[in-house]
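Report on the following structure.
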Amino acid sequence: MPAFPNIPHIRFEGPESSNPLAFRHYDPDELVEGKTMRDHLRFSVVYWHTFRNPLGDPFGPGTALRPWDDGTESIENSQHRARVAFEFMEKLGVGFYAFHDRDVAPEGPSLAETNKNLDAVVVTLREEQERTGIGLLWGTANLFSHRRYMHGAGTSPNAEVFAFAAAQVKKSIEVTHELGGEGYTFWGGREGYQTLWNTDMRRELDHLAKLLHMAVDYAKEIGFAGQFYIEPKPKEPTKHQYDSDAAACLNFLRQYDLLEDFKLNLETNHATLAGHTMQHELEVAAAAGALGSIDANRGDLLLGWDTDQFPTDIYLTTQCMLSILEGGGLAPGGVNFDAKVRRESFEPIDLFYAHIGGMDAFARGLKVAAAIRAEGRLEAMLRERYASWETGLGAEISAGKHGLASLEAIMLEKGESAPNVSGRQELLENIINTYL
Ligand code: XUL
Ligand code: CO
30 MPAFPNIPHI RFEGPESSNP LAFRHYDPDE LVEGKTMRDH LRFSVVYWHT
80 FRNPLGDPFG PGTALRPWDD GTESIENSQH RARVAFEFME KLGVGFYAFH
130 DRDVAPEGPS LAETNKNLDA VVVTLREEQE RTGIGLLWGT ANLFSHRRYM
180 HGAGTSPNAE VFAFAAAQVK KSIEVTHELG GEGYTFWGGR EGYQTLWNTD
230 MRRELDHLAK LLHMAVDYAK EIGFAGQFYI EPKPKEPTKH QYDSDAAACL
280 NFLRQYDLLE DFKLNLETNH ATLAGHTMQH ELEVAAAAGA LGSIDANRGD
330 LLLGWDTDQF PTDIYLTTQC MLSILEGGGL APGGVNFDAK VRRESFEPID
380 LFYAHIGGMD AFARGLKVAA AIRAEGRLEA MLRERYASWE TGLGAEISAG
430 KHGLASLEAI MLEKGESAPN VSGRQELLEN IINTYL
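In our numbering, the protein residues as written are 30 to 465.
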């Protein structure tokens with residue numbers, strides 16, 4: 030029995046279509062800069078929000094109607110839910126999904142039983158992946174929901190909690206490997222602090238790095254060659270998360286000699302919470318050669334928390350896709366919809382509308398970004414702005430031919446630097462708007 034009997038496979042119908050269950054911009058086979066949209070965007074559905082989030086909030090319980098789910102923690106229900114997830118993703122036409130270990134299978138009374146539960150559902154996931162050709166973008170371990178992780182996992186003051194987290198990460202990497210996962214993500218979860226009065230920050234950072242090194246070593250041991258990611262977020266659930274933004278993550282990875290093995294998985298709403306734009310985070314990562322994957326969503330600028338809304342703002346998706354194209358693309362990462370429908374959007378069909386909107390917004394952003402690049406006006410203006418570094422004195426400084434004394438001599442002789450030219454911000458913003 031299909032879970033979505035009245036919903037067809039979602040097809041591309043073009044911008045003129047008024048069918049809400051069709052793509053108006055995402056045509057998977059269309060070539061953009063010589064590559065299919067499918068391969069540029071590598072869309073991925075997240076198991077946690079789309080199949081496990083009951084849509085509760087601090088003031089009321091969940092509202093989601095999920096008629097296929099019997100609400101129990103049984104293996105049968107978990108396996109059935111997995112099949113429904115694949116029916117959804119197949120109809121939507123995405124190539125990937127992502128999950129935490131605890132999203133797909135229930136936690137048992139002991140680690141051994143929990144692992145057995147996970148293995149039982151992984152059998153179904155593998156069957157469904159083979160049946161549909163949908164792949165695992167990345168796996169991860171939930172190191173934040175269970176009460177044992179109240180003080181953190183890798184940064185817990187309790188050494189046995191660290192050990193439990195290590196065991197959970199080991200199993201999650203094994204399962205990700207078994208499912209052919211293309212990556213493995215660490216998001217900080219509770220790796221941060223609520224108060225510095227009880228926190229030995231140096232020790233906690235050392236421990237977190239130790240856990241990541243253990244993961245890298247174990248992946249090599251079992252032949253898992255997927256990309257490791259760290260996902261920045263400044264706060265929530267802790268007051269301060271150690272992985273607070275792209276720059277902080279890069280600094281941490283560099284300090285602990287992990288930069289070789291990790292890239293960043295950037296999330297739009299997390300950038301907003303950090304007081305940055307997503308474009309800023311993408312550029313910081315790309316400049317360090319660490320742009321990995323994105324958790325595509327958006328926040329609400331009037332609210333101070335992680336609302337995880339679906340991305341529909343074309344200006345935002347254009348900025349994302351420009352940075353991504355300039356940065357050389359996302360593969361083996363992807364556009365992972367770490368987003369949830371609103372509590373008021375409780376019907377199963379809302380899951381389709383939400384994802385269709387996000388996919389179309391990114392498809393449009395991709396096409397606009399490619400058009401901007403093809404015309405080359407932005408690129409030309411950028412080149413012109415830095416032209417003084419290409420020849421003469423600028424080129425000499427770049428080549429390391431000067432120090433303070435030689436530059437002083439030149440400026441004493443000249444008396445004043447060359448005049449500046451306008452930054453042209455308004456013109457640039459007008460140019461962007463001509464494409465939208
Ligand atoms: C939390 C968040 C996580 C990670 C995976 O804000 O984004 O769902 O993406 O653990
Ligand atoms: Co995320």
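By construction, the Cβ of each residue, glycine as well, lies at the ideal position given by its N, Cα and C atoms.
Residues whose Cβ lies closer than 5 angstroms to any heavy atom of the ligand CO, in chain order: Glu-296, Asp-324 and Asp-367
Looking only at DSSP bridge pairs, what is Ser-322 linked to? If you number the sequence shown from 1, residue 322 lands on position 293. Per DSSP, Asn-294.
Could you give the uninterrupted runs of the beta strand (DSSP E) lying entirely in the stretch 37-77, keeping only those of 3 residues or more? 72-75
Cβ separation of Ala-111 and Leu-154, assumed to be a contact under 8 angstroms, to the nearest whole Å: Position 82 of the sequence shown, counting from 1, holds the residue named residue 111. Position 125 of the sequence shown, counting from 1, holds the residue named residue 154. Yes, Ala-111 and Leu-154 are in contact; Cβ-Cβ is about 6 angstroms, under 8 angstroms.
Can we count Thr-169 as close to the ligand XUL, meaning its CB is less than 7 angstroms from some heavy atom? Here residue 169 refers to the residue found at position 140 when the sequence shown is read from its first residue. Yes, the Cβ of Thr-169 comes within 7 angstroms of a heavy atom of the ligand XUL.
Could you please give the first and the last residue of the uninterrupted alpha helix (DSSP H) stretch that includes Asn-106? As a first step, residue 106 is located in the sequence shown; it is residue number 77 there, counting from the start. Per DSSP, Asn-106 belongs to the alpha helix (DSSP H) from 104-121.
Pair within 8 angstroms by beta-carbon distance, Ile-104 and Asn-146: Against the sequence shown, residue 104 aligns to sequence position 75. Against the sequence shown, residue 146 aligns to sequence position 117. The answer is yes: Cβ separation under 8 angstroms.
How about Thr-214: is its Cβ closer than 7 angstroms to a heavy atom in the ligand XUL? Within the sequence shown, the letter at position 185 stands for residue 214. Correct: Thr-214 has its Cβ closer than 7 angstroms to the ligand XUL.
Since Arg-327 and Leu-345 are thought to touch, with beta carbons under 8 angstroms apart, how far apart are those beta carbons, to the nearest angstrom? The residue labelled residue 327 in the question sits at position 298 within the sequence shown. The residue labelled residue 345 in the question sits at position 316 within the sequence shown. Sure, about 6 angstroms apart at Cβ, within 8 angstroms.
Separation of Asp-272 from Gly-356, as counted between CA atoms: The residue you call residue 356 lines up with position 327 of the sequence shown. The residue you call residue 272 lines up with position 243 of the sequence shown. For Gly-356 and Asp-272, the distance between alpha carbons rounds to 22 angstroms.
Tell me whether the beta-carbon of Asn-294 lies closer than 8 angstroms to the beta-carbon of Glu-260. If you number the sequence shown from 1, residue 294 lands on position 265. If you number the sequence shown from 1, residue 260 lands on position 231. Yes, they are a contact pair.
Going by the DSSP bridge assignment, what does Leu-234 pair with across the sheet? On the sequence shown, position 205 is the one that residue 234 refers to. Partner(s): none; Leu-234 has no beta bridge.
Measuring only the C-alpha atoms, how far is Ala-300 from Glu-442? By one-based count along the sequence shown, residue 300 stands at place 271. By one-based count along the sequence shown, residue 442 stands at place 413. Answer to the nearest angstrom: the Cα atoms are 46 angstroms apart.
Where Ser-352 and Glu-189 are concerned, what is the direct C-alpha to C-alpha distance, given to the nearest angstrom? One-based indexing of the sequence shown puts residue 352 at position 323. One-based indexing of the sequence shown puts residue 189 at position 160. Rounded to the nearest angstrom, the two C-alpha atoms are 42 angstroms apart.
My understanding is that Ile-10 touches Phe-52, with C-beta atoms under 8 angstroms, so please give their C-beta distance in whole angstroms. Because the chain here runs from 30 to 465, residue 10 falls outside it and cannot be looked at.
Flag this pair as yes or no: are the beta carbons of Leu-70 and Tyr-126 separated by less than 8 angstroms? As a working note, residue 70 is residue 41 in the sequence shown. As a working note, residue 126 is residue 97 in the sequence shown. No, the Cβ-Cβ distance between Leu-70 and Tyr-126 is not below 8 angstroms.
Kindly indicate which residue of Thr-267, Val-364 and His-236 has the alpha-carbon position closest to the one of Gly-221. Stepping through the sequence shown from its first residue, residue 221 is reached at position 192. The shortest Cα separation from Gly-221 among Thr-267, Val-364 and His-236 belongs to Thr-267.
Taking just the CA atoms, how far does Arg-232 sit from Lys-396? Along the sequence shown, one-based indexing puts residue 396 at 367. Along the sequence shown, one-based indexing puts residue 232 at 203. Looking at the two C-alpha atoms, the distance is approximately 47 angstroms.
Is it right to say Glu-404 is buried, meaning 16 or more other beta carbons lie within 10 angstroms of its own, or is it exposed? For this step, residue 404 is matched to residue 375 along the sequence shown. With fewer than 16 other Cβ atoms within 10 Å, it is exposed.
So is the beta-carbon of Trp-226 under 7 angstroms away from any non-hydrogen atom of the ligand XUL? As a working mapping, residue 226 is identified with position 197 in the sequence shown. No, the Cβ of Trp-226 stays beyond 7 angstroms of every heavy atom of the ligand XUL.
Do you know how far the Cα of Gly-423 is from the Cα of Ser-435? Against the sequence shown, residue 435 aligns to sequence position 406. Against the sequence shown, residue 423 aligns to sequence position 394. So the alpha carbons of these two residues sit roughly 13 angstroms apart.
Under the criterion of a Cβ to heavy atom distance below 7 angstroms, does Lys-262 qualify as lining the ligand XUL? Taking the sequence shown and counting its residues from 1, one reaches residue 262 at position 233. Yes - the ligand XUL has a heavy atom lying nearer than 7 angstroms to the Cβ of Lys-262.
Unbroken alpha helix (DSSP H) run spanning Gly-387, endpoints: Counting from one through the sequence shown, the residue named residue 387 turns up at place 358. Start and end: 377-404.
Euclidean distance between Cα positions of Gly-452 and Tyr-415: For this step, residue 452 is matched to residue 423 along the sequence shown. For this step, residue 415 is matched to residue 386 along the sequence shown. C-alpha separation (whole angstroms): 11 angstroms.
Please return the same chain residues whose Cβ sits closer than 6 angstroms to the Cβ of Pro-348, not counting the five positions on each side in sequence. Stepping through the sequence shown from its first residue, residue 348 is reached at position 319. Pro is not the amino acid found at residue 348; the sequence shown has Gln there. Counting only Cβ-Cβ distances below 6 angstroms, and skipping sequence neighbours, we find Gln-308.
Distance between Gly-363 and Met-66 (C-alpha atoms, nearest Å): To locate residue 66, count along the sequence shown from 1; it is residue 37. To locate residue 363, count along the sequence shown from 1; it is residue 334. Taking the straight line joining both Cα atoms gives about 12 angstroms.
Could you check whether the Cβ of His-129 sits closer than 7 angstroms to any heavy atom belonging to the ligand XUL? By 1-based counting over the sequence shown, the position of residue 129 is 100. Within the cutoff, so yes.
Determine which residues share a DSSP beta bridge with Arg-327 and list them. Your numbering for residue 327 matches position 298 in the sequence shown. Paired residue(s): Gln-338.
Decide if Gln-270 is buried, meaning its Cβ has at least 16 other Cβ atoms within 10 Å, or exposed. Locating residue 270 in the sequence shown gives position 241, where the first residue counts as 1. It is buried - the Cβ of Gln-270 has at least 16 other Cβ atoms within 10 Å.
Which first and last residues belong to the beta strand (DSSP E) in which Val-364 is found? The residue labelled residue 364 in the question sits at position 335 within the sequence shown. Looking at the DSSP string, the run of the beta strand (DSSP E) that includes Val-364 is 364-366.
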